[in-house]
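Using my numbering, you'd call the opening residue of the sequence shown number 688 and step up by one each time.
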Amino acid sequence: MNATSGYGSGPVGALLLCGAEPEAVRPAAHLLRERLLLAPACDASGSAPAGRWSVVVPEGKPWLDDGEPVDRVLAGWATALAVGVTWPVLALWWDADRTGFTLASGFRRQVGYEWLADGTPVGEDEAMRTFAARLGLDPVLDMESLAALTRPDPDADGRARLLGLMAVLSRLGVVLPAGLSPGEPADRLREAARVQPGAESVEWSGWRDAVRAELDVVESGPVGPWVRGPRARLLNGAQLAAGVALALWGLRRRSGGWAFAGGVLVAQGALGLAYDRLRARD
Numbered sequence: 688m689n690a691t692s693g694y695g696s697g698p699v700g701a702l703l704l705c706g707a708e709p710e711a712v713r714p715a716a717h718l719l720r721e722r723l724l725l726a727p728a729c730d731a732s733g734s735a736p737a738g739r740w741s742v743v744v745p746e747g748k749p750w751l752d753d754g755e756p757v758d759r760v761l762a763g764w765a766t767a768l769a770v771g772v773t774w775p776v777l778a779l780w781w782d783a784d785r786t787g788f789t790l791a792s793g794f795r796r797q798v799g800y801e802w803l804a805d806g807t808p809v810g811e812d813e814a815m816r817t818f819a820a821r822l823g824l825d826p827v828l829d830m831e832s833l834a835a836l837t838r839p840d841p842d843a844d845g846r847a848r849l850l851g852l853m854a855v856l857s858r859l860g861v862v863l864p865a866g867l868s869p870g871e872p873a874d875r876l877r878e879a880a881r882v883q884p885g886a887e888s889v890e891w892s893g894w895r896d897a898v899r900a901e902l903d904v905v906e907s908g909p910v911g912p913w914v915r916g917p918r919a920r921l922l923n924g925a926q927l928a929a930g931v932a933l934a935l936w937g938l939r940r941r942s943g944g945w946a947f948a949g950g951v952l953v954a955q956g957a958l959g960l961a962y963d964r965l966r967a968r969d
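Structural data, given as C-alpha cells:
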C-alpha cells in the first residue's frame, strides 16, 4: 500500500488546534469554505499561561473528496488559518500508515513531525526544537518530553505518540474535549464534537459573508486597532485634517505635487472614517 495515500483500512482523522478562543477563530474558519465544528479546548478555568485554545473538527472528509492525503489537506488548512492572525495553529492528523502534526504560525515556514503507524519516528529532531520554541514551551522540561517522542519505543504506536504530544501541550492549558482523541475515526470525532458544551457549526455561506469574515480577521489582528475603533478614527481624522491643510497650502503656492499629496491624505482619511462607520452598522 502507498504510504502517502491516506486510504488504508485503519482510522483516518484530523483535528486543528488554534491558540485563541472560538470567537476569534470563527471568522478565520469561515474562510476555509468547509463545514466544520468549533469548540473550546482549554482547561476549565481558561487561565492558562498561553491563553485560551479552540479545536476545529471537519464535518466531512475532504481528504477523500479532493484526492489528497490527510496530512496535505490539514497542512493547507493550518496555513490558511494562521495567515493574518497572531495565534498559532496546530494540525494533528493520522491515517492507516502514519501519524503526525504540522504547526503554522503567521507567514513563517511550517514545522512538523511524523511517525509511522507503529510509532517509528521519521521526522527531524530539529523540527521538535523549533516546535517547542514557537509555542513557548520550556526548553528543558518540555523539550525533554518532546525529545522522548523522537526516540524508538516498541511500546508506543502512532496514537500513543500523539497522546504524548498532547500531554506536553496540556502544560499550555490545551485540553481536548471528551471523545476528541487523536487516533479516532473521523466519524467518531464529528459525533463527539457535536455534543460538546459550547460547540458550534461553521459553514460557508457565500462570498459576502466571506469578505466580512476576512475583514473580521484583519480587525482582530495586530493592525486591527488602526483599521477600526478609536485609534483608527483618531488616525483617519488626523489624516483628513492634515490633508486639507496640505492641499490648501499647495494650491496657494501653486504646487501641484503638494496639492496632490494633500488630496491623497484627504481621501485616505475620509475612506477610513467611512469604513469605520459602515463596519459599526454590520
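The C-beta atom is built at its ideal place from N, Cα and C for all residues, glycine as well.
Closest residue to Ala-819 among Ser-868, Gly-806, Val-862 and Ser-792 (Cα-Cα distance): Residue Ser-792 is the option with its Cα nearest to Ala-819.
If Val-760 sits next to Trp-750, beta carbons under 8 Å apart, how far is it from one beta carbon to the other, in whole angstroms? The beta carbons of Val-760 and Trp-750 sit about 5 Å from each other, so the pair counts as a contact at 8 Å.
How many whole angstroms separate the CB atoms of Ala-879 and Gly-866, which I take to be in contact at a CB cut-off of 8 Å? Between Gly-866 and Ala-879 the Cβ distance is about 3 Å, and since that is below 8 Å, they are a contact.
Contact under 8 Å by Cβ, Gly-823 with Trp-740: No; because the gap between Cβ atoms is not below 8 Å, this pair is not in contact.
Mapping DSSP to helix, strand and coil, what is Arg-675? Outside the shown range of the chain (688 to 969) lies residue 675, about which nothing can therefore be said.
Buried or exposed: Arg-785, going by 16 or more other Cβ atoms within 10 Å of its Cβ? Buried, because 16 or more other Cβ atoms sit within 10 Å of the Cβ of Arg-785.
Can you check whether the CB of Trp-774 is closer than 8 Å to the CB of Leu-835? It should be noted that the sequence gives Ala, not Leu, for residue 835. No.
Of the listed residues Gly-806, Pro-727, Ser-832 and Leu-803, nearest to Arg-816 (C-alpha basis): A check of alpha carbon separations from Arg-816 across Gly-806, Pro-727, Ser-832 and Leu-803 identifies Ser-832 as the nearest.
Give the DSSP bridge partners of Leu-803, in chain order. By DSSP's assignment, Leu-803 forms a beta bridge with Arg-785.
Element boundaries [alpha helix (DSSP H), containing Ser-741]: Per DSSP, Ser-741 is not a residue of any alpha helix (DSSP H); the beta strand (DSSP E) it occupies stretches across 741 to 745.
Cα separation between Arg-920 and Gly-956? Looking at the backbone, the Cα of Arg-920 and that of Gly-956 are separated by about 9 Å.
Leu-777 versus Thr-789: straight-line alpha-carbon distance, rounded: A straight-line Cα-Cα distance of about 6 Å links Leu-777 and Thr-789.
Three-way DSSP call (helix, strand, coil) for Glu-831 in this model: Reduced to three states, the DSSP call for Glu-831 is helix.
Given 8 Å, three or more beta-carbon pairs between the stretch 795 to 806 and the stretch 843 to 850: Output reads yes: the stretch 843 to 850 touches the stretch 795 to 806.
For Glu-801, does the count of other Cβ atoms within 10 angstroms reach 16, so buried, or fall short, so exposed? Its Cβ being crowded by 16 or more others within 10 Å, Glu-801 is buried.
Beta-carbon separation (whole angstroms), Glu-887 vs Leu-768, contact threshold 8 Å: Contact doesn't hold; Cβ gap of about 16 Å is too wide.
If you run the structure through DSSP and keep just helix, strand and coil, what is Trp-780? In this structure, Trp-780 counts as strand in the three-state DSSP scheme.
State the DSSP-derived secondary structure class of Pro-727, mapped to helix, strand or coil. Reduced to three states, the DSSP call for Pro-727 is strand.
On the three-state DSSP scale, how would you describe Pro-869? Three-state result, Pro-869: coil.
What are the partner residues of Pro-808, as DSSP defines its beta bridges? Pro-808 is bridged by DSSP to Trp-802.
Can the beta-carbon of Gly-930 be found closer than 8 Å to that of Gly-950? Cβ atoms of Gly-930 and Gly-950: closer than 8 Å.
Answer with buried or exposed for Leu-852, where buried requires no fewer than 16 other C-beta atoms within 10 angstroms of its C-beta. Of the other Cβ atoms in all chains shown, 16 or more fall within 10 Å of the Cβ of Leu-852; this residue is therefore buried.
Quick one: give me the first and last residue of the alpha helix (DSSP H) that Glu-755 is part of. Per DSSP, Glu-755 belongs to no alpha helix (DSSP H) and is neither H nor E.
Under the assumption that Leu-876 contacts Leu-702 (Cβ atoms under 8 Å), give the Cβ distance between them as a whole number of angstroms. Indeed they touch by this definition, with Cβ atoms about 7 Å apart.
Exposure label - Pro-745; buried when at least 16 CB within 10 Å: That one is buried.
Under 8 Å, do Gly-885 and Pro-714 count as touching if we go by C-beta distance? No, they are not a contact pair.
Leaving out the 5 sequence neighbours to the left and right, which residues in its chain are closer than 8 Å to Arg-795 when beta-carbon positions are compared? Non-local beta-carbon contacts of Arg-795 in its own chain, meaning distances under 8 Å to residues more than five positions away in sequence, involve Arg-821 in chain order.
Going by C-alpha distance, which of Val-770, Thr-766, Glu-721 and Trp-781 is nearest Pro-872? The residue from Val-770, Thr-766, Glu-721 and Trp-781 with its alpha-carbon nearest to that of Pro-872 is Trp-781.
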